[in-house]
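Participant:
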Amino acid sequence: MRNKPSGFLRFLYNLAGYINYMLATLVAWTTPYPVSYFIGVNLARLWYLSGANTEKVKKNISKVMNIEADDPRTSYICKKIYLEFAKNIVDFLKNRIISKKQFNKNIDIEGLEHLEKALEPGRGAVIFTAHIGNFEWGAARIGTAGFKISGVGLHRGNPPLDNYFERNRENKCLKTIYANKMLRVFKILRNNEIVAIPTDWDPLKSSRQFDFFGHKAFIPSGSVQIALTAKAPLLPSFIIRDGKYHHHQIILPPVELETEGKKEEVIEKNMLKIIAILEDQIKRNIEQWVMFHDIWAE
Numbered sequence: 008m009r010n011k012p013s014g015f016l017r018f019l020y021n022l023a024g025y026i027n028y029m030l031a032t033l034v035a036w037t038t039p040y041p042v043s044y045f046i047g048v049n050l051a052r053l054w055y056l057s058g059a060n061t062e063k064v065k066k067n068i069s070k071v072m073n074i075e076a077d078d079p080r081t082s083y084i085c086k087k088i089y090l091e092f093a094k095n096i097v098d099f100l101k102n103r104i105i106s107k108k109q110f111n112k113n114i115d116i117e118g119l120e121h122l123e124k125a126l127e128p129g130r131g132a133v134i135f136t137a138h139i140g141n142f143e144w145g146a147a148r149i150g151t152a153g154f155k156i157s158g159v160g161l162h163r164g165n166p167p168l169d170n171y172f173e174r175n176r177e178n179k180c181l182k183t184i185y186a187n188k189m190l191r192v193f194k195i196l197r198n199n200e201i202v203a204i205p206t207d208w209d210p211l212k213s214s215r216q217f218d219f220f221g222h223k224a225f226i227p228s229g230s231v232q233i234a235l236t237a238k239a240p241l242l243p244s245f246i247i248r249d250g251k252y253h254h255h256q257i258i259l260p261p262v263e264l265e266t267e268g269k270k271e272e273v274i275e276k277n278m279l280k281i282i283a284i285l286e287d288q289i290k291r292n293i294e295q296w297v298m299f300h301d302i303w304a305e
């Protein structure tokens, strides 16, 4: 009997979350882009002023930029991140009403030749990325270029909402694989398909600590471990907003993975390479690093 109220409350919570997304989608679909952005950005300003998550975001900025959390520069960057995230949400909500032709026009992509070559051995490819820019669209843009790709996503435990996210991604050729069901990854790779994995945050909180911008942080090594196990190439790919409605995505050459030595040593060596790339991309695009989680061990 005691479980029923909690189950019912969970149902109401899930329903409210789904309805909120449906209402937001309705607004996004019925307003032109400038109006949608105006609404989203101003809601983000209110969100920022409320102080929700600002402590975590400022902590991230201070670690990356090596400045104090109360430095005016930190607050400036923090606000920019909130506004960037709002635009990303609007983009995602409009996803299904944007034609693939317009979608491809809005996102320049560089480095597809690296991906094509990486797939030649037939073992698939693992892409690692970060929460920079509209990372959802980054993975989808590879799909609309003609590649079969699945992106690792967060399982929300809300079936209608999870289904909404899946359908929205599939509209732009991106399949979803949940972080708690990663064994499917190897089947995808055996089919010579691509798996995209954000590597700057672990939603399962099971990662080990690595040095990140000179501080200890929980950085997931899943992309490295999967690539090593499947003997698949591991490529970096990142997307940034370079205009109000325009984005630029780059796919870099595969990382030369170390394979000799004990398992933990091999992972450590390769993670150092991955982290160096992540640090470079995040620091250069700090205003678009939409990381609202505390990833630090200190």
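Numbering (our numbering), first residue to last: 8 to 305. Don't be surprised by glycine CBs; every beta carbon is placed ideally from N, CA and C.
#1: Determine which residues share a DSSP beta bridge with H255 and list them.
#2: Are there 16 or more other CB atoms within 10 angstroms of the CB of T37, so buried, or fewer, so exposed?
#3: Tell me which same chain residues have a C-beta within less than 7 Å of the C-beta of A6, skipping the five on either side of it?
#4: Assuming L181 and A147 are in contact, meaning their beta carbons sit under 8 Å apart, how far apart are those beta carbons, in whole angstroms?
#5: Taking the alpha helix (DSSP H) that L53 belongs to, which residues open and close that run?
#6: Do you know how far the Cα of D78 is from the Cα of N292?
#7: Can you tell me which of the three DSSP states I156 falls into?
#8: Suppose you measure from the CA of V159 to the CA of N175; what does that come to, to the nearest Å?
#9: Which complete alpha helix (DSSP H) runs does the region 200-286 hold, if anything under 4 residues is left out?
#10: Pair every Cβ in the region 93-109 with every Cβ in the region 32-50, then say whether three or more of these pairs are closer than 8 Å.
#11: Can G140 and F220 be called in contact, C-beta distance under 9 Å?
#12: Measure the C-alpha to C-alpha separation of N277 and F18 and round it to an integer number of angstroms.
#13: Sort A152, K66, K65 and N170 by Cα distance to N256 and report the nearest one.
#14: Residues in its own chain within less than 7 Å of L100 by CB, not counting five upstream and five downstream?
#15: Would I233 and I201 be called neighbours here (beta carbons separated by less than 9 Å)?
#16: I believe I289 touches W296 by the beta-carbon criterion, under 8 Å. Please report the beta-carbon distance rounded to the nearest angstrom.
#17: Please determine whether the Cβ atom of Y185 lies at a distance below 8 Å from any heavy atom of the ligand NAD.
#18: Taking the C-alpha atoms as reference points, what is the distance between K179 and F172?
#19: Given this structure, state the Cα-to-Cα distance separating M298 from H138, to the nearest angstrom.
#20: Please check the pair V133 and L259, which I expect to be a contact at CB under 8 Å, by giving their CB distance rounded to whole angstroms.
#21: Figure out for me which residue from P166, N49, L168 and T183 has the closest Cα to the Cα of G150.
#22: Would you report the Cα separation of L126 and L279, rounded to the nearest angstrom?
#23: Looking only at its own chain, which residues have a Cβ that is under 7 Å from the Cβ of G47, when we skip the five neighbours before and after it?
#24: Count the other C-beta atoms from every protein chain shown that fall within 10 angstroms of the C-beta of P205, then say buried if there are 16 or more, exposed otherwise.
#25: DSSP three-state call for V71: helix, strand or coil?
#26: State the Cα-Cα distance for the pair L285 and S230, rounded to the nearest angstrom.
#27: Rounded to a whole number of angstroms, what is the C-alpha to C-alpha distance between I105 and V42?
#28: Which of helix, strand or coil does DSSP assign to A304?
#29: Note the first and the last residue of the continuous alpha helix (DSSP H) segment covering L90.
#30: Following the continuous alpha helix (DSSP H) through L196, name the residue where it begins and the one where it ends.
Facilitator: In short:
#1: Partner residues in the beta bridge of H255, as assigned by DSSP, are D115 and I247.
#2: Counting C-beta atoms within 10 angstroms of its own C-beta, T37 has fewer than 16 neighbours from the protein chains shown and is therefore classed as exposed.
#3: Lying before the first or after the last residue shown, residue 6 is absent from the chain, which here runs from 8 to 305.
#4: Yes, they are in contact, since the Cβ atoms of L181 and A147 sit about 4 Å apart, within 8 Å.
#5: Boundaries of the alpha helix (DSSP H) around L53: Y40 to S57.
#6: Cα to Cα, N292 sits roughly 19 Å from D78.
#7: DSSP, reduced to helix, strand and coil, places I156 within a strand of the structure shown.
#8: Rounded to the nearest angstrom, the two C-alpha atoms are 14 Å apart.
#9: Every alpha helix (DSSP H) of 4 residues or more that sits fully in the region 200-286 is shown, in chain order, as 229-237.
#10: Because the criterion of three Cβ pairs below 8 Å is met, the region 93-109 and the region 32-50 touch.
#11: In this structure, G140 sits away from F220, with a CB-CB distance that is not shorter than 9 Å.
#12: Looking at the two C-alpha atoms, the distance is approximately 43 Å.
#13: Reading off the sequence shown, one finds Gln at residue 256, where the question assumed Asn. Comparing Cα-Cα distances from Q256 to each of A152, K66, K65 and N170, the minimum goes to A152.
#14: Within the same chain, A31, T32 and A35 come within 7 Å of L100 by CB-CB distance, once the 5 residues on both sides are set aside.
#15: In this structure, I233 sits away from I201, with a CB-CB distance that is not shorter than 9 Å.
#16: Sure, about 5 Å apart at Cβ, within 8 Å.
#17: With respect to the ligand NAD, the structure shown offers nothing to examine, as it has no ligands at all.
#18: Rounded to whole angstroms, K179 to F172 spans 12 Å at the Cα level.
#19: If you take the alpha carbons of M298 and H138, they lie about 6 Å apart.
#20: About 13 Å; that fails the 8 Å criterion.
#21: For the set P166, N49, L168 and T183, the Cα lying nearest the Cα of G150 is the one of T183.
#22: Roughly 24 Å between the two C-alpha positions.
#23: Here the set comprises A93, K94, I96 and V97.
#24: It is buried - the Cβ of P205 has at least 16 other Cβ atoms within 10 Å.
#25: In this structure, V71 counts as helix in the three-state DSSP scheme.
#26: Their Cα atoms are separated by approximately 13 Å.
#27: Rounded to the nearest angstrom, the two C-alpha atoms are 16 Å apart.
#28: Residue state, collapsed to three classes: coil.
#29: Per DSSP, L90 is one residue of the alpha helix (DSSP H) stretching across P79 to L100.
#30: Taken as a continuous stretch (DSSP letters only), the alpha helix (DSSP H) holding L196 covers R191 to R197.
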